[in-house]
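Numbering (the working numbering), first residue to last: 6 to 518.
Think of the CB as a built atom: it goes at the ideal place given N, C-alpha and C, for glycine as much as any other residue.
Keep in mind it's a predicted model, so treat the numbers as computed, not measured.
Written below as structure tokens is the structure these notes are about.
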């Protein structure tokens, strides 16, 4: 035990520069977040300690490091992100509560949409009504949910239909947290609420862990992408996006695994990709198109031609799943939309005004890249750190473009071309869906498209952008850079990710506390 303690001290001493920088950034960020008006020292110390805890894992397996970082900073967000201030959390909480009470399926009949009046209490407490959602929210200390008892009385809430496009599967962690919390605390609303958030975060952390583990030589890239502020912050709520982010990482990890193994692609690989992309049906439907990428991997990489052709069966199954699900949720009449939204009328407008529709669609697609800023925002009021955004872009670019570790199998041009095409198709389809279902009839700007919807494409960028051979002349035959210290590079990259999380954590404190 004594030897172990000495080893820990020695390890932390070797990381003293990282710890010192983290301390400086914690203090500066806490001051900057309040425009140097005040420093909340208790929070500053807490954020610093979380960063030290995360730094202590640097040097271990990348999947373990990232899991620890997600859980450490995510737990901070679980507690200190105000109730219902995470994007769309009110609707997601309502769905989780509905499931926790034994209603696994969502139906169109209003009488089936009754669940605990806890939802009404929380919306009134936070002043949320679907419109007044941009005002600063009450923070953790103002709400004090641990003094509130769960209300078993039920009330019909038709707004829950806002989640009709998502399967109940993606809400199970949050629902399980509410259910377990009610049992172990005898109905303490605080325990229920925060345990639901925590289990949702844990789901994302576990999915990220396994995605990184299967990512071979690109573990660091997927690990870095998994510990960004947005997916951790959103996952530390009741949002179903936690499942989407984790699933996106798993798909990216599986594709990397396929390109980073000597063995040919077999039926197991095809089945796994079919399942992963099929699950996208229940979270972000357009992403089922990713299954088509398997057709653009050279047939010679497959164990047999029959294995390659089995992709068509997988594609058919995924499409059928998507069609059945679309038919199921399309039968539900939404009650949470502005009166100007009318899908049949919007279709008539498109048919009668194709030029206007096409112009709106193109503007929506072209503005997608600008929505990347949302990765450095939080809350309905979109608190935004421009400094973090501008600092992050060159770092991300350097990692994606120049990371000098190539996969065992060459990423062929047709696969890259297909990935660009599928990505564009997903962006277009997302804009079309929101034009039909969320935008007022004839309005020139498509409403509801958010940057967080494209995280699933973001994590696939390495397949297109990783071109170290264009930057380094002395790459070795195995794709690595001569004299490249991979371990040292890994330590620096992961530390940079931690610093960005320190910064965004401090921004939240300045905004809410």
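Legend entry - Nearest neighbour of residue 301, chosen from 407, 420, 215, 374 [CA to CA]: 420
Legend entry - residue 396 - containing alpha helix (DSSP H), residue span: 391-407
Legend entry - CB-CB length for residue 369 against residue 113, believed under 8 Å: Residue 369 to residue 113, Cβ: 29 Å. No contact.
Inset, instruction - Report yes if the C-beta distance between residue 52 and residue 31 is below 8 Å; otherwise report no. - result: yes
Legend entry - Buried or exposed by the 16-neighbour rule on C-beta atoms within 10 Å, applied to residue 497: exposed
Legend entry - For residue 297 and residue 311, the rounded distance between their alpha carbons: 16 Å
Inset, instruction - Would you please state the rounded distance, in angstroms, between the beta carbons of residue 133 and residue 89? I believe it to be under 8 Å. - result: 5 Å
Inset, instruction - Pick out whichever of 40, 46, 8, 69 has its Cα sitting closest to the Cα of residue 499. - result: 69
Inset, instruction - Starting from residue 437, trace the alpha helix (DSSP H) both ways and give me its first and last residue. - result: 418-442
Legend entry - Per DSSP, the bridge partner or partners of residue 388: 383
Legend entry - Residue closest to residue 50, alpha-carbon to alpha-carbon, out of 63, 34, 42: 34
Inset, instruction - Leaving aside the five residues before and after residue 137 along the sequence, list all residues of the same chain whose C-beta is less than 6 Å from its C-beta, in chain order. - result: Residue placement at residue 137 cannot be trusted, given a pLDDT of 48 that sits under 50; the coordinates are not used to answer.
Legend entry - Counterpart residues of residue 307 in DSSP-defined beta bridges: 270
Legend entry - contact_flag[the segment 399-408, the segment 463-475] where n(CB pairs < 8 Å) is 3 or more: yes
Legend entry - Bounding residues of the alpha helix (DSSP H) (the contiguous stretch that carries residue 339): Where residue 339 is concerned, there is no enclosing alpha helix (DSSP H), given that its DSSP letter is neither H nor E.
Legend entry - Residue of 424, 449, 385, 372 minimising C-alpha distance to residue 365: 449
Inset, instruction - Enumerate in chain order the residues of its own chain whose CB-to-CB distance from residue 414 is below 6 Å, with the five nearest sequence positions on each side excluded. - result: 264
Legend entry - Burial state of residue 259, where buried means 16 or more other Cβ atoms lie within 10 Å: buried
Legend entry - Exposure label - residue 19; buried when at least 16 CB within 10 Å: exposed
Inset, instruction - Spell out a yes or no on whether the segment 229-242 and the segment 204-218 are touching, meaning 3 or more CB-CB pairs, one atom from each, closer than 8 Å. - result: yes
Legend entry - Within 8 Å, strictly: CB atoms of residue 160 and residue 102: no
Legend entry - CB of residue 338 within 8 Å of CB of residue 443, strictly: no
Legend entry - Outcome for residue 254 when other beta-carbon atoms lying within 10 angstroms are tallied against a minimum of 16: buried
Inset, instruction - Could you check the C-alpha separation between residue 289 and residue 270 for me, to the nearest Å? - result: 27 Å
Inset, instruction - Determine, using beta carbons only, whether residue 61 and residue 74 come nearer to each other than 8 Å. - result: no
Legend entry - Alpha-carbon to alpha-carbon, residue 359 and residue 171: 30 Å
Legend entry - Buried/exposed call for residue 129, threshold 16 Cβ in 10 Å: exposed
Inset, instruction - Output the boundary residues of the beta strand (DSSP E) element that contains residue 164. - result: No beta strand (DSSP E) contains residue 164, which DSSP labels as neither H nor E.
Legend entry - residue 190 to residue 247 span [Cα, whole Å]: 25 Å
Legend entry - residue 175 to residue 149 span [Cα, whole Å]: 28 Å
Legend entry - Close-in-space but distant-in-sequence residues of the same chain around residue 286 (CB under 7 Å, 5 per side omitted): 293, 326, 327, 330
Inset, instruction - Could you check the C-alpha separation between residue 98 and residue 163 for me, to the nearest Å? - result: 13 Å
Inset, instruction - Grab the span of the alpha helix (DSSP H) containing residue 85 for me, first residue to last. - result: 67-85
Inset, instruction - Assuming residue 392 and residue 221 form a contact by the criterion Cβ under 8 Å, report the distance between their Cβ atoms to the nearest whole angstrom. - result: Actually they do not touch by this definition, with Cβ atoms about 34 Å apart.
Inset, instruction - Give a yes or no on whether the C-beta atoms belonging to residue 376 and residue 456 are separated by under 8 Å. - result: yes
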